[in-house]
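Protein chains in written order, with my numbering: chain H, 547 to 922; chain A, 547 to 922; chain V, 547 to 922; chain R, 547 to 922.
4 protein chains.
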Amino acid sequence: MRIVPFGLLKSRTLTLLELLVLAVGLAAMTAMTMPDLSERARAASSIALWCCLALYLCELLIKAWQQAGARAKYLRSSAGIIDLAAVVPVPLALLLGVPANIAWLLAGLWILKLATLVPGLAMLGRVIALEARALASVIVIFLTILVLSGVALHALEGPLQPRQFGSLPLSLWWAVTTLSSTGYGDAVPMTFLGRLIAGLVMISGLGVFGLWTGILATGFAAEHRRRDFIRNWELVTQVPFLKNLDPPAVIELTRLLRRLDLAEKTIVVRRGRPGDCMYFIASGEVEVKIEPHPVRLGAGAFFGEMALLTGAARTANVVTTQPTTLLALEVADFHTLTAQHPELARAVAAEAARRTGGATPHVAHAHAADDKRASR
Amino acid sequence: MRIVPFGLLKSRTLTLLELLVLAVGLAAMTAMTMPDLSERARAASSIALWCCLALYLCELLIKAWQQAGARAKYLRSSAGIIDLAAVVPVPLALLLGVPANIAWLLAGLWILKLATLVPGLAMLGRVIALEARALASVIVIFLTILVLSGVALHALEGPLQPRQFGSLPLSLWWAVTTLSSTGYGDAVPMTFLGRLIAGLVMISGLGVFGLWTGILATGFAAEHRRRDFIRNWELVTQVPFLKNLDPPAVIELTRLLRRLDLAEKTIVVRRGRPGDCMYFIASGEVEVKIEPHPVRLGAGAFFGEMALLTGAARTANVVTTQPTTLLALEVADFHTLTAQHPELARAVAAEAARRTGGATPHVAHAHAADDKRASR
Amino acid sequence: MRIVPFGLLKSRTLTLLELLVLAVGLAAMTAMTMPDLSERARAASSIALWCCLALYLCELLIKAWQQAGARAKYLRSSAGIIDLAAVVPVPLALLLGVPANIAWLLAGLWILKLATLVPGLAMLGRVIALEARALASVIVIFLTILVLSGVALHALEGPLQPRQFGSLPLSLWWAVTTLSSTGYGDAVPMTFLGRLIAGLVMISGLGVFGLWTGILATGFAAEHRRRDFIRNWELVTQVPFLKNLDPPAVIELTRLLRRLDLAEKTIVVRRGRPGDCMYFIASGEVEVKIEPHPVRLGAGAFFGEMALLTGAARTANVVTTQPTTLLALEVADFHTLTAQHPELARAVAAEAARRTGGATPHVAHAHAADDKRASR
Amino acid sequence: MRIVPFGLLKSRTLTLLELLVLAVGLAAMTAMTMPDLSERARAASSIALWCCLALYLCELLIKAWQQAGARAKYLRSSAGIIDLAAVVPVPLALLLGVPANIAWLLAGLWILKLATLVPGLAMLGRVIALEARALASVIVIFLTILVLSGVALHALEGPLQPRQFGSLPLSLWWAVTTLSSTGYGDAVPMTFLGRLIAGLVMISGLGVFGLWTGILATGFAAEHRRRDFIRNWELVTQVPFLKNLDPPAVIELTRLLRRLDLAEKTIVVRRGRPGDCMYFIASGEVEVKIEPHPVRLGAGAFFGEMALLTGAARTANVVTTQPTTLLALEVADFHTLTAQHPELARAVAAEAARRTGGATPHVAHAHAADDKRASR
């Protein structure tokens, strides 16, 4: 049996519930820290906190119970650690005699729950791991500037402003606020040489973080592209029409398609709008709203191609009837692809013709609806 | 009938007028808030504000009247909401008895009119929608650092600086000013550990916004490219010469062309300048200033290709005679294209020769003018 | 006769001289503003300022005299305006009776001379022109956030902090310092709602400038690539060997080559270093330091290819004997190119063999020197 | 004999030791600057500093001794200068009679040792050298804004705030803190015009550093790609299977492979995980943990290809048995490559079949293990 640690949270309702519990919990914790809170509000916050704690405990127990054979593994996973961190520290601190107002601050760890609700953080971690070497050299530059400027300012400004630069930790504090361009203004050099160095530090700071930004951005873009390809590839294999194209065309398509996960009753195509995309249905179903007989298209079908071929506006609304995954192909990419792989255009036309030929007249109708040129 | 909600504003004069009204309105509103304003200036500002309000009301009524059948749709569109937001809130507030100086602050909503005057904001919205998932994970990281550092600083600095860190909202305020590298300096940690955490927050802040920047920038670049392709494609189909090339060459060209929307009497090509582009005329007309007989070229023609082929300087000015849309092809792209698609070079040469052959001697003249090598 | 407005400044010595004059001038102007300057230093500064002014006047006159036929054109060009701005304002202000210490501040305009000494600023302007539309929508967002947050903070904080938020200009000042993440700390919101809005403004500010950065960076990269291509193309046509390759290979090469403008006596290749490049000589001359008979290679020759083919280290120093322009081809690009265009590898090998065959024995020697595998 | 200045530091243990010495040294130096340090701690710090100095002296002597013939060259290299800078300045200052607490501040130069421990800094230097021209034009813009705004603010604010803007150096200090968005808040303009200019300076500052960031980021990405290619190329030539493919496929592969340097006993592939990569072994050895007979694969072999071909999960752990260098090929890149170069897919399949055929049954086993579809 494959382990699904978050099967419990897959549904959208549960995710919203988790977010609500988190918001209530953090709000209550925040309220507890305010000195001028009324007694009643304090009591209400306290109850809210205990409720959240109870809910998180339930969640932990349900998850652990669900994963009968893999309990230890779950508790050692990052999800398990986050779930434990939500439940254990506060009671432990209270037991150890820490005052309640301090102990409840540990509920701040609940914010980590957010990470389990949002996908994509793992990707971020991977980018950082891949670019570790480049990021490390940026950190070295950062530290070098930090220490050298800290020492220099300590030597230059220390005798004049002992409270701001009188020791190296103090002037390193100045250096970090300056190098990150935060600039609190609690420590400001006064000598000419000190200000000259400070100016250079500010400029270097921006250069350093420009590098940092550039490396992260480049890495993130590459990783994004890679993940999209893998996810699209899986979906393309579910559309027989796509899978049977020439391999280079399939690869090119997989790169260009954009996945759309739509809820039930979402309008995909709006009547009268310019046609900028065609869609392949990877899973689910859509309804083409043609009067008097709406048409339904299921997984493996495609629609909206006529608008690309003719440049016409859409002539009917298309709405999902259930949660549906579509693969959208932009008009620009469609033209590029068909120029390089004319067989794709032919295949799209043939498939459309085949459908119109009688096999599935309803679908043909759907295409016909798309075909009428809108009076733009 | 297709709905053109902003047909009224298409003209450049009307756009400038709108900007003027907006500037006057906002300036008057600003003046009203200044306590030491003279009575006369205050009266003038008041009159200006009422005039702007009246103009915006007129605009709303004209637009609603224009769209006879689609009034409700217009009022529910984002343009309609902005138009309503410019007209309704101020009178409503005055009717509800809000003091005039407060009520008129709602005229600040007029700034939203800017969004309807500048294209490209829709694109921005689309980028954000497409990258929503990646941006969401950045926000999660942001919130996590915010809460954790806020809690930590409240615990560490709260007892020492109750006015700055004495409650969680206060230390969250510190955290957000620090994480965004704004650094007002109204709250500054004093303990060693607090400053260490603050340093890490500053560095993380730059990392987080590096990611944010990277994601937005990448998405924006991709969307830009896509939109340019669609707009160019439409224009390429208006130039018969281009439309009849091999499909792969057309696609490549469409990617490489740069659209230029020029006003009347704009100088496109300057005599004596190096030739870095050739131009296709999508719509409008240009005049090649050759003495004694200037030559006019209309939609579908091209000019400036000789400079690319010979590397010579331009030998005549070329000026638009009416609003003209050109498609420019850079010398670098021209060479790349003709290397990959030699038929393009042949087609350009043939077309030039055909024209010189007698059909349109004036055009031939234009090309000849371009041909003379400038004494560089 | 082609006009060369800066022919005067082309030489490196003159550029350094210009920089020196500029530095002296600005330093003297700076000194003049310092209240505790000694009388003698003040006199010296004054003399320096007058000398600089005289030099700039001479420069203007020489340039205008040089361009006999195009004087008016030069004075209307950006270079001419900068030259005039350096000479006219100060004397004019003095004549109009402005006190000397104020009048000399106009010497700050001399900094504009820098722009004429550094190439690449024109490119920057072009990028901004090309991306104007995208940048405009960022400015619209910026202004919208600025006005809305300024109005909101004026309403919320105005009554509490009249000196910081009491009028709209004051709270717009706060908004611009916050939105740009400068954060002077002279105006800080105090109400809960004000701080919430401020937090959002900070985050939006970073988002807005992320977009700005992204647009500029993307545009700059594209423009850079385009300009390099044009400059390389010109040079490639000066190397017969390159010009005679198949067109697609030439284009690919032009994209990949990196131009190096070297001064006399620069070491291009160092003995014992790994071979990461081969070089084509576009103009100038190099000397291969082989004992006992150094070899000279002129324009059109190439060297360093053996290191790419064999992965060996360099076996001789190569030094320029005069200002030389080289086109460098990286090892990675060389392998990519030769895989796609095997005729290139064959041509390089054939050319090397032809030379070794006797026509130019010295050159052959140079290649042989490169051939010996270094004991790595 | 090739010189290996850092042969001594290649091992990971030595690197960690260097980092430890550096950390201890800098911590001791920091402690020395704190005025309220106890006598005993001061003495301990002093001893730690002298020990570090002694260690760095030893390192210098060992390195110099190792490089018998190239001592002078080593001492002139950047590594040698860093080593000298760690050893010479402190004793020299003490000899010259500088007080100990000042002299020891020169130990801050030890931070430069970091640069020798982290690779990739040379690359950074190269990027800056290559983009020097573009970066120079950014610096020109920066200086121009700096001087012009400094002069303007001095003229506008000088009379009102002589302590903040009374001389040009003072107002340049304001300009640099504002332009870099640091914003200490020690000098804030008060006049309307001054604040308007300040607002423009802030916005320009962000624009300027956006350019700076963009240039550095673009250059860094290109250089990264180039260096990876060179490193991969070297490794690809060590895998006979790869080297014998068609040249275009080899080049493409070299671009796409990602180098992984793994320590002993690292888990490369985990049982049950989706197969997202295949691996070529450039050097070292891995063990495929199949029960009951684990299989070992050495340099030149590949594994994990079945997961790519079938989309199945991994069915066995793969662990390195010694320090190993792998070349990973992502699933997305694998599909792209095999679509463009079908011979690669055939070669992979043939090689796998050949192995299964009997030559190395253990390896066949390994592949078979990979083949079983995981019950996902």
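Note that beta-carbon positions come from the ideal geometry of N, C-alpha and C, so glycine has one too.
query                                                                                                                           : result
Per-residue contacts from V722 (chain V) into chain A (C-beta, under 8 Å)                                                       : Near V722 (chain V) there are no residues of chain A at all, since even the closest Cβ is about 12 Å away, more than 8 Å.
Limits of the alpha helix (DSSP H) - the one that M748 (chain R) falls within                                                   : F738 to V782
Interface partners of G745 (chain A) on chain R, CB under 9 Å                                                                   : Result: empty, since nearest Cβ-Cβ is about 14 Å, beyond 9 Å.
CB contact below 7 Å: S713 (chain V) versus chain A                                                                             : yes
Ordered list of alpha helix (DSSP H) runs contained in the region 616-684 of chain H, each at least 4 residues                  : 617-622, 624-633, 635-641, 646-649, 659-663 and 667-676
Supposed contact pair L702 (chain R) and T737 (chain R) - C-beta distance, whole angstroms, cut 8 Å                             : 5 Å
L642 (chain A) versus V634 (chain A): straight-line alpha-carbon distance, rounded                                              : 12 Å
Below-7 Å beta-carbon distance, S683 (chain V) vs any chain A residue                                                           : yes
Residues of its chain near A680 (chain H), where Cβ-Cβ distance is below 6 Å and the 5 sequence neighbours each way are ignored : I761
Residues of its chain near Q868 (chain A), where Cβ-Cβ distance is below 7 Å and the 5 sequence neighbours each way are ignored : E810, G830 and E831
D879 (chain R), enclosing beta strand (DSSP E) - first and last residue                                                         : Looking at the DSSP string, D879 (chain R) is not in any beta strand (DSSP E); the run it does join, the alpha helix (DSSP H), is V877 to Q886.
Residues of the region 813-825 of chain H with Cβ closer than 9 Å to any Cβ of chain V, in chain order                          : none
Cα-Cα separation, L725 (chain H) to L854 (chain R)                                                                              : 46 Å
For H887 (chain A) and D792 (chain A), believed in contact at Cβ under 8 Å, the rounded distance                                : 7 Å
Unbroken beta strand (DSSP E) run spanning V785 (chain H), endpoints                                                            : That residue, V785 (chain H), is in no beta strand (DSSP E); it is neither H nor E in DSSP.
Which of helix, strand or coil DSSP assigns to P869 (chain R)                                                                   : coil
Coarse secondary structure for S829 (chain A), derived from DSSP in three states                                                : strand
Partner residues on chain A for T882 (chain H), Cβ-Cβ distance less than 7 Å                                                    : I797
Outcome for A618 (chain V) when other beta-carbon atoms lying within 10 angstroms are tallied against a minimum of 16           : exposed
Which residues DSSP lists as bridging D807 (chain H), in chain order                                                            : H:T871
Chain A residues whose Cβ lies nearer than 8 Å to that of H700 (chain V)                                                        : T579 and L651
Contacting residues, own chain, Cβ-Cβ under 7 Å from A577 (chain H) (five flanking each side not counted)                       : L583, A587 and S591
Whole-angstrom distance between R777 (chain R) and V814 (chain H), CA atom to CA atom                                           : 47 Å
Of the residues V:E564, V:G704 and V:M748, the one placed nearest I691 (chain V), counting alpha carbons only                   : V:M748
7 Å Cβ cut-off: residues of chain H touching D732 (chain R)                                                                     : G731 and V734
Exposed unless 16 or more other CB atoms sit within 10 angstroms - verdict on G654 (chain A)                                    : buried
Distance, L566 (chain R) Cα to T989 (chain H) Cα                                                                                : Here chain H has residues from 547 to 922 only, and residue 989 (chain H) is not among them.
Same chain, Cβ closer than 6 Å to S921 (chain V), neighbours up to 5 away in sequence not counted                               : Confidence is the limiting factor: at S921 (chain V) the pLDDT is only 33, short of 50, which leaves the residue's position unreliable and the question unanswerable from this model.
Nearest candidate by alpha-carbon position, reference R772 (chain V), set V:Y730, V:E585 and V:R804                             : V:R804
Chain-ordered chain A contacts of L762 (chain H) [CB-CB under 8 Å]                                                              : G753, G756, L757 and G760
Run of the beta strand (DSSP E) containing I836 (chain A), from where it starts to where it stops                               : Taken as a continuous stretch (DSSP letters only), I836 (chain A) belongs to no beta strand (DSSP E), as it is neither H nor E.
C-beta contact flag for G571 (chain V) and C598 (chain V) at 7 Å                                                                : yes
For G818 (chain H) and A858 (chain H), the rounded distance between their alpha carbons                                         : 9 Å
Within-7 Å CB hit, T737 (chain A) to chain H                                                                                    : no
Simplified DSSP state of P708 (chain V), which is helix, strand or coil                                                         : helix
Contact under 7 Å by Cβ, L799 (chain A) with A874 (chain A)                                                                     : no
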